Amino acid sequence: MADNVASLFRGTAAHSPSMAALARESDGVGPIDFCIPCNPYFPTPGMFDELAGRLREIITYYPSSADTITAELCALLQLPPSCVAMGNGSTELITWIDHLLVRESLAIPVPTFGRWTDQPMETGKRVDMFPLMESNGFALDPAQYIEFIRARGTRVAVICNPNNPDGGFLSRRAVVNFMDQLQDLDLIVIDESFLEFADAENDPSVVEEAVLRPNVIVLRSLGKNFGLHGIRFGYLVANPALAGKIRSMLPKWNLNSFAETVVFMLKEHGAEYMESLHLVRRDRLDMARQLSALPGLTVYPSQGNFLFVRLPVGAEGTVVRDRLLSEHRILVRECGNKIGSSSRFLRLVVRPETDVRRLVSGMEQVLYGSRRGAAVPELGTGTSYSSGTAAVDRLISETNGVGMPLAAQAAAMPSLPPAQTWPGPAPAQAPTGMPGLVPAPAPAAAMMPPQQQPAARMPAPAPPQQQPMPAVAQMPNVAQMPGVAQMQPAPQMQPAAQMMPQAPQMSAVAQMAQMAQAAQAQAQAQAQRQQAPIPAVAQAPSPAAQAQARSMQPPPQVPAMPAMAPAPAAGLGQTGMPGLRNRGLTAAQVRGRTEPEPAPAPQPTGWPAAGAMYNQVG
74 MADNVASLFR
84 GTAAHSPSMA
94 ALARESDGVG
104 PIDFCIPCNP
114 YFPTPGMFDE
124 LAGRLREIIT
134 YYPSSADTIT
144 AELCALLQLP
154 PSCVAMGNGS
164 TELITWIDHL
174 LVRESLAIPV
184 PTFGRWTDQP
194 METGKRVDMF
204 PLMESNGFAL
214 DPAQYIEFIR
224 ARGTRVAVIC
234 NPNNPDGGFL
244 SRRAVVNFMD
254 QLQDLDLIVI
264 DESFLEFADA
274 ENDPSVVEEA
284 VLRPNVIVLR
294 SLGKNFGLHG
304 IRFGYLVANP
314 ALAGKIRSML
324 PKWNLNSFAE
334 TVVFMLKEHG
344 AEYMESLHLV
354 RRDRLDMARQ
364 LSALPGLTVY
374 PSQGNFLFVR
384 LPVGAEGTVV
394 RDRLLSEHRI
404 LVRECGNKIG
414 SSSRFLRLVV
424 RPETDVRRLV
434 SGMEQVLYGS
444 RRGAAVPELG
454 TGTSYSSGTA
464 AVDRLISETN
474 GVGMPLAAQA
484 AAMPSLPPAQ
494 TWPGPAPAQA
504 PTGMPGLVPA
514 PAPAAAMMPP
524 QQQPAARMPA
534 PAPPQQQPMP
544 AVAQMPNVAQ
554 MPGVAQMQPA
564 PQMQPAAQMM
574 PQAPQMSAVA
584 QMAQMAQAAQ
594 AQAQAQAQRQ
604 QAPIPAVAQA
614 PSPAAQAQAR
624 SMQPPPQVPA
634 MPAMAPAPAA
644 GLGQTGMPGL
654 RNRGLTAAQV
664 RGRTEPEPAP
674 APQPTGWPAA
684 GAMYNQVG
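So the sequence shown is numbered by this note's numbering: it starts at 74 and just counts up by one.
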């Protein structure tokens, strides 16, 4: 089964295989779906029962014309039918937009929905792809995008808001300003297929602007927010001339009877629909919190009904995807076949909390489970990357928290005995925000026993004629170092080069801490015979140094040295921007906010209007 499923993914280009194809390869039972981005709370069970009861009627007879179904939808959304065109899924509308309105070139930020890049290229158009940078959290800068469009001379511009797969969001004001500055283009498309799930502001849609402007189309999907991808229906909003041009090319019965039945059911289920959006937003926050607790996993803020995550260093997305499917019956979207992304990234659809617990458990086992079969290799085993993945890894210090060791790294870093103490007051926190003084992962190899250290990294003994390193007492500004001002080294202390391995990457404070630790360990050697010795001492101190070390007495109330354990994973309850060490996403940041959460709006009644249909709840 696993080989067949892997071949299905390889044969789908920029998309995933259908659930029907996956079910056929797994004895008819599909996996838990974290791949297809639809609403898990709508339609309601009662609506499904009604559809099932009318199944014979629905599939036996022709549907009404597209004009009849469109008029009913417009009555719900309070939009003029002349400004709306309904299609057999939003991809049908993208196809007609390309054929009728894109003459020579189209610009689109990447990564994004695959049809916006593939469809124009299939018809010979030039596609100008504006890269969204991981170092900026995949956020779209409209000003830079406009400069790119002007430099390339592109005639059609597209923005997906929120963007798929990263969930990036632009405010309504930013989108309107973007349209204002590009009034001379042939066409601007704002793809709002996932906007129903956004809650960053109360009225994010620009449909009212599209109706009044000569070159703007707003595209919407119904399958995603209604949880009915299989029905294939979506719509666009534009001024009557643009909408009429698209509508004139569509077949009279391009919408099926299931689409008609659902559209005519909606007026009775507006409250349930709005509640479903509220539940998805709630689950998005909880799911982001649980995933952020996995070591080395980066979760990006999203306003869609999915989360874009980067796997830990060394993990290959296709391997993680295939093992989650074959070993845990969980389907995820690996994004290596998306332009502008790589296999280090997954898009995970928001699902109820019970399913999320199973996802997190499965990812823990696949990523870190048994070391022999874990997707994240142990420290020092070496990992080969593609050039694209290596480029992503170079940004890890800005986006994934330097010094936050993975579980595998922690396993290779031995902890010090509990009784070990600093020979002076507890050092102040390093300016970089990393708790403790010893930087990670540099000490991992330095603290290993000599027989386990790589030969290339073993410090060579200093030759007799070599000038020794200045003694600790002669180091400049030692008294000004945080946490070291009260240390009183012995007058004849041996050179630091003879007390510990050379580690030029370590800070001066960390070197002082290790030298003091080595001296204190000698003084307490008899009392701690049953405890593990301090590793990574390149050569034993001379007898004179031992005698001098014994004379050092720690001051009273010396705090215990913190164990070298993995730093706590970043969580959503902490403050700070995503990716900073030991800091995670706040709830507001996951929602895309920069200001406090607004008070909940009152419960709506009836079906919401088009301009305010998204955020009446939550």
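Backbone N, C-alpha and C define an ideal beta-carbon position, used for all residues, glycine too. None of the values given here were measured: they were computed from a predicted structure.
Take residue i as the anchor and find which of the options has the nearest alpha-carbon.
| i | options | result |
| --- | --- | --- |
| proline 204 | Tyr135, Gln217, Glu400, Asn327 | Gln217 |
| aspartate 356 | Leu380, Thr164, Asn237, Gln256 | Leu380 |
| proline 110 | Leu328, Gly303, Pro182, Glu220 | Gly303 |
| phenylalanine 349 | Pro104, Thr117, Gly103, Ile105 | The identity of residue 349 in the sequence shown is serine, whereas the question assumes phenylalanine. Ranking Pro104, Thr117, Gly103, Ile105 by Cα distance to serine 349 puts Thr117 first. |
| phenylalanine 694 | Cys147, Phe299, Glu426, Val405 | Summary: the structure shown does not reach residue 694, with the chain confined to residues 74 through 691, and so no result is reported for it. |
| tryptophan 169 | Ile263, Ser434, Gln192 | Gln192 |
| tyrosine 114 | Asn298, Asp395, Leu315 | Asn298 |
| valine 200 | Glu265, Val439, Ala212, Asp171 | Asp171 |
| glycine 119 | Ser155, Gln151, Asp257, Leu339 | Leu339 |
| valine 439 | Ala388, Ile412, Asp428 | Ala388 |
| lysine 198 | Pro215, Leu173, Ala316, Val392 | Leu173 |
| alanine 224 | Thr143, Ser178, Ser414, Ala148 | Ser178 |
| cysteine 147 | Val248, Thr190, Phe337 | Phe337 |
| glycine 240 | Ala212, Val248, Phe221 | Ala212 |
| glycine 307 | Pro313, Ala314, Leu323 | Leu323 |
| lysine 318 | Leu258, Ile131, Met159 | Met159 |
| alanine 247 | Glu345, Phe270, Asp214, Ile181 | Asp214 |
| phenylalanine 221 | Ser208, Phe186, Leu255 | Leu255 |
| isoleucine 219 | Leu268, Ser244, Thr143, Asp253 | Asp253 |
| asparagine 232 | Ala366, Pro182, Thr196, Asp257 | Note that residue 232 is isoleucine in the sequence shown here, rather than asparagine. Considering only alpha carbons, the answer is Pro182. |
| phenylalanine 270 | Ala283, Gly300, Leu258 | Gly300 |
Starting from residue i, follow the beta strand (DSSP E) in both directions and report where the run begins and ends.
| i | result |
| --- | --- |
| methionine 159 | 157–160 |
| proline 215 | Per DSSP, proline 215 belongs to no beta strand (DSSP E); it is in the alpha helix (DSSP H), 215–225. |
| phenylalanine 203 | 199–204 |
| serine 208 | Per DSSP, serine 208 belongs to no beta strand (DSSP E) and is neither H nor E. |
| proline 182 | 178–183 |
| valine 422 | 418–422 |
| alanine 375 | Reading off the sequence shown, one finds serine at residue 375, where the question assumed alanine. First-last for serine 375: undefined, no H or E at that position. |
| glycine 307 | 307–311 |
| serine 415 | Where serine 415 is concerned, there is no enclosing beta strand (DSSP E), given that its DSSP letter is neither H nor E. |
| isoleucine 105 | 105–107 |
Could you give the C-beta distance for residue i and residue j, rounded to a whole number, given that I count them as a contact under 8 Å?
| i | j | result |
| --- | --- | --- |
| valine 32 | phenylalanine 107 | Lying outside 74 to 691, the shown extent of the chain, residue 32 is not represented and no answer is given. |
| proline 104 | proline 184 | Actually they do not touch by this definition, with Cβ atoms about 24 Å apart. |
| proline 385 | glycine 369 | 3 Å |
| leucine 432 | isoleucine 403 | 6 Å |
| valine 229 | leucine 268 | Their Cβ separation, rounded to whole angstroms, is 20 Å, which puts valine 229 and leucine 268 out of contact at 8 Å. |
| lysine 325 | serine 138 | 5 Å |
| cysteine 156 | asparagine 312 | 7 Å |
| proline 153 | threonine 143 | Their Cβ separation, rounded to whole angstroms, is 11 Å, which puts proline 153 and threonine 143 out of contact at 8 Å. |
With a 10 Å radius around its C-beta and 16 neighbouring C-beta atoms as the bar for buried, classify residue i as buried or exposed.
| i | result |
| --- | --- |
| methionine 206 | exposed |
| asparagine 288 | buried |
| arginine 424 | buried |
| arginine 530 | Because the pLDDT at arginine 530 is just 43, under 50, the model does not fix this residue reliably, and the value given afterwards should be weighed accordingly. Exposed is the call here. |
| leucine 285 | exposed |
| serine 266 | buried |
| glycine 657 | Here glycine 657 scores only 41 on pLDDT, less than 50, and its place in the model is too uncertain to base an answer on. |
| aspartate 264 | buried |
| arginine 24 | With the chain represented from 74 up to 691, any question about residue 24 goes unanswered, as that position is not in the structure. |
| threonine 334 | buried |
| leucine 128 | exposed |
| arginine 430 | exposed |
| alanine 483 | Below a pLDDT of 50, predicted positions are generally treated as unreliable, and alanine 483, at 41, falls in that range; the measurement from the model is reported next regardless. Counting Cβ neighbours within 10 Å, alanine 483 comes out buried, since at least 16 surround it. |
| asparagine 275 | exposed |
| serine 294 | buried |
| methionine 194 | exposed |
| arginine 176 | exposed |
| serine 434 | exposed |
| leucine 367 | buried |
| alanine 518 | The pLDDT assigned to alanine 518 is 40, lower than 50, so where the model puts this residue is not dependable, and the model offers no usable value. |
| aspartate 257 | exposed |
| threonine 227 | buried |
| aspartate 140 | exposed |
Give the range of the alpha helix (DSSP H) segment to which residue i is assigned.
| i | result |
| --- | --- |
| aspartate 395 | 390–401 |
| isoleucine 132 | 128–133 |
| isoleucine 167 | 163–174 |
| valine 353 | 343–365 |
| phenylalanine 337 | 330–338 |
Can we count residue i as close to the ligand ADP, meaning its CB is less than 7 Å from some heavy atom?
| i | result |
| --- | --- |
| proline 313 | The model on display carries no ligand, and the ligand ADP is accordingly not part of it. |
Discussion item. What ranges does the beta strand (DSSP E) occupy inside the segment 228–291, keeping only unbroken runs of at least 3 residues that lie completely in it?
Written reply: 229–233, 260–264
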